[in-house]
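Okay, structure first, notes after.
Residue numbers (the working numbering), protein chains in the order written: chain F, 1181 to 1696; chain H, 3 to 245.
Quick look at the structure:
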């Protein structure tokens, strides 16, 4: 299922100027003058773009500057730079392409397309991806609206005509319903056509859906229904991705479209060899690869793989890419494939590298780690190492799976459970003496009679975290007991608080794990 | 007169015919009573093994350390594929499995854990591959067994919160173990002794089921038979002296 994000930047030109010149933003606290850009038009100057303030004063693009000044005498007028606007948009697209999806394109004058099909997994969910995109774009100082839908047309329309403070998600298959109530303008038609349709009484897209096609096509040409069909997904609307210049890139075009996994794997192998040669000449290795599949109907699909360490081993790279072939929907066939390495790092040729790999007998860990990371996400693989933290749950740090081993480990002295609850669960306890191990506890409605116990091991909380002294910082003292039940099971229980200072804890009992 | 060498040779031949640990080494426990019950004298590498605790957290914890002990006595990298997020690495270290040797794979679901295991088992030279799942099919077990056989890497399916009657369905695993906690020896002082487990070998290809009461892993992952005959009279004497 295709998922397309439309990123709409309603005040792109002015936001960009403000960002470039460091002028305060309207919401920056200091009163800013409304800003517009101007272009010459038949000997006078008219407004090309407005910022939020100017818009709220009633200034609209297309007005003469003279008229605009009548609305706001303090108006700040800057010459429009359409080329710089587009260049900025391109840079924004490259940034988004590196972060979110290989298929990103500028949507001039004031938007971006992102085809995020299959890309949400890196952010765990689509919503998380959109939230991240929204947050980071807003942090650039840009006003924005985001929508995601199955088709580019629908996302484009919703982003522009559904004002919402946060990303709008059109669920898969719901694009027809979402479009129905939007105005005709949302279809990206020439303004004259929109005006003519309005005169005929068409206001909303649902009216167009119901109307017979023939007469409308006669009056407005094919454009009208092309836009409708694109928005509803019956006509493809490709997004041609942009890549940064100067990157290792290899391309193969085919006389006949190809569509089988075997053929793709073959081509990927060839492309990987080309890329590896280029990387070798640069002395670099790829950390990320994007492989684009250009479909005959103009759609571009892409697969993206990453490596844990820079690599220019064509076999390895080809294998990583081939593992994702199944995500490609070839449709009527693929007519060209492009392989780009957007992220490369220096990979020094170590002396005796080839000798070592011949003599070294052992698993090829980088290959395995990459294969797993590309399947389950880079974050799902890790090793652990000790971390200075007083509480057991903070004593384990996570490190990359391929980090150089340094031999660090935890103390051998203290007993630690092999299974830890994600968060301690409260238990009811019968204990005889204040400092004795419990004699009985009830956990998850089951009674455990304790036969023997060890403890307490007192763990002091990291009181410096809250900046207070120990006695004043709540929840900071735990007395841990290792207890054995009648059946022989061993559990880790603790009592919160030191029993002297009320602020150290409530003296309640919790279970935190189980031992072997 | 028995000739151990001849017997061992014969056993190896039979094992080869039966297809049990035909081509790979074994990892002995170093406890004669256990090793002698296993074809080849230990946990076969290049094969799939199943380990279960019980729905009790403490039993799963015991099974974890039993497994960590086996892996502690190998060399190389261990891949531990997880669905649950309750594995606590310091305890593995206490059983002799150093954190530098273990790569955790948080695969998320049973299906993904099995996929990750299979991917790992394609790489010869790993010390072991562990996958924590709640359920898996006979087909999946066959695939894992085949992959393990090809690479020579020992594979362990750790069935989490597995009830005693749940393991009835057939799998291709070479051995199936169930580890449950067992009351430890009363030291006579308010302190805990070495943990004890009821280690049940529920199924073994080319052998018979059996169970032992064993003492848990030491710092090098070694389990032991309780030294009951040696220790108990002494302990009783102590108690009498104390009384």
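Glycine included, each C-beta is placed from N, C-alpha and C at the ideal position.
Using the beta-carbon count (16 or more within 10 Å), is residue i buried or exposed?
i, result
"residue 1565/F", "buried"
"residue 68/H", "buried"
"residue 1691/F", "buried"
"residue 1680/F", "exposed"
"residue 1361/F", "exposed"
"residue 1277/F", "buried"
"residue 1543/F", "buried"
"residue 1216/F", "buried"
"residue 2/H", "Residue coverage of chain H in this structure runs from 3 to 245, which leaves residue 2/H outside it and unanswerable."
"residue 227/H", "exposed"
Please confirm whether residue i has its beta-carbon closer than 9 Å to some beta-carbon of chain H.
i, result
"residue 1566/F", "yes"
"residue 1293/F", "no"
"residue 1236/F", "no"
"residue 1668/F", "yes"
"residue 1590/F", "yes"
"residue 1671/F", "yes"
"residue 1303/F", "no"
"residue 1634/F", "yes"
"residue 1600/F", "yes"
"residue 1720/F", "The shown model of chain F, from 1181 to 1696, leaves out residue 1720/F, and the question about it has no answer."
"residue 1355/F", "no"
"residue 1191/F", "no"
With a threshold of 7 Å on Cβ separation, who are the neighbours of residue i within its own chain once the five nearest residues in sequence on each side are excluded?
i, result
"residue 209/H", "39, 40, 41"
"residue 199/H", "64, 68, 181, 182, 183, 184, 216, 218"
"residue 1393/F", "1405"
In the DSSP output, which residue or residues are listed as bridge partners for residue i?
i, result
"residue 1628/F", "1621/F"
"residue 106/H", "1562/F, 82/H"
"residue 1578/F", "1564/F"
"residue 1311/F", "Residue 1311/F is not bridged to any residue."
"residue 1667/F", "The partner list for residue 1667/F (beta bridge, DSSP) is empty, contrary to what the question assumes."
"residue 177/H", "51/H, 206/H"
"residue 1473/F", "1481/F, 1517/F"
"residue 28/H", "46/H"
"residue 1341/F", "Looking at the DSSP assignment, residue 1341/F forms no beta bridge with any residue, so it has no partner."
"residue 1544/F", "BP columns for residue 1544/F are empty, so no partner."
Flag residue i as yes if its beta-carbon sits less than 9 Å from any beta-carbon of chain F, otherwise no.
i, result
"residue 254/H", "Because chain H in this structure spans residues 3 to 245, residue 254/H falls outside the shown range and cannot be described."
"residue 214/H", "no"
"residue 121/H", "yes"
"residue 14/H", "no"
"residue 143/H", "no"
"residue 188/H", "yes"
"residue 193/H", "yes"
"residue 219/H", "yes"
"residue 180/H", "no"
"residue 139/H", "no"
"residue 85/H", "no"
"residue 201/H", "no"
"residue 105/H", "yes"
"residue 112/H", "no"
"residue 78/H", "yes"
"residue 81/H", "yes"
"residue 146/H", "no"
"residue 94/H", "yes"
"residue 108/H", "yes"
"residue 224/H", "no"
"residue 5/H", "no"
"residue 127/H", "yes"
"residue 207/H", "no"
Can you list, in chain order, the residues of its chain whose CB lies under 8 Å from that of residue i, leaving out five sequence neighbours each side?
i, result
"residue 1629/F", "1619, 1620, 1665, 1666"
"residue 1382/F", "1364, 1388, 1391"
"residue 1593/F", "none"
"residue 86/H", "134, 162"
"residue 1694/F", "1597, 1598, 1599, 1669, 1670, 1671, 1672"
"residue 222/H", "74, 75, 98"
Could you check whether the Cβ of residue i sits closer than 8 Å to any heavy atom belonging to the ligand PLP?
i, result
"residue 1607/F", "Ligands in the displayed structure: none, and consequently the ligand PLP is not present."
Residues in the same chain with beta-carbon distance under 6 Å from residue i, minus the five sequence neighbours each way, listed in chain order, please.
i, result
"residue 189/H", "195"
"residue 52/H", "159, 175, 178"
"residue 1503/F", "none"
Task: Completely contained beta strand (DSSP E) runs for the segment 117-172 of chain H, where each covers 3 or more residues - done: 130-135, 157-161
TODO: May I ask you to list, following chain order, the residues of the segment 52-68 of chain H that have a beta carbon less than 7 Å from some beta carbon of chain A?
DONE: In summary, chain A is missing from the structure at hand, where the protein chains are F and H.
Task: 4-residue-minimum alpha helix (DSSP H) runs that sit fully inside the segment 1387-1431 of chain F, ordered along the chain - done: 1393-1400, 1402-1412
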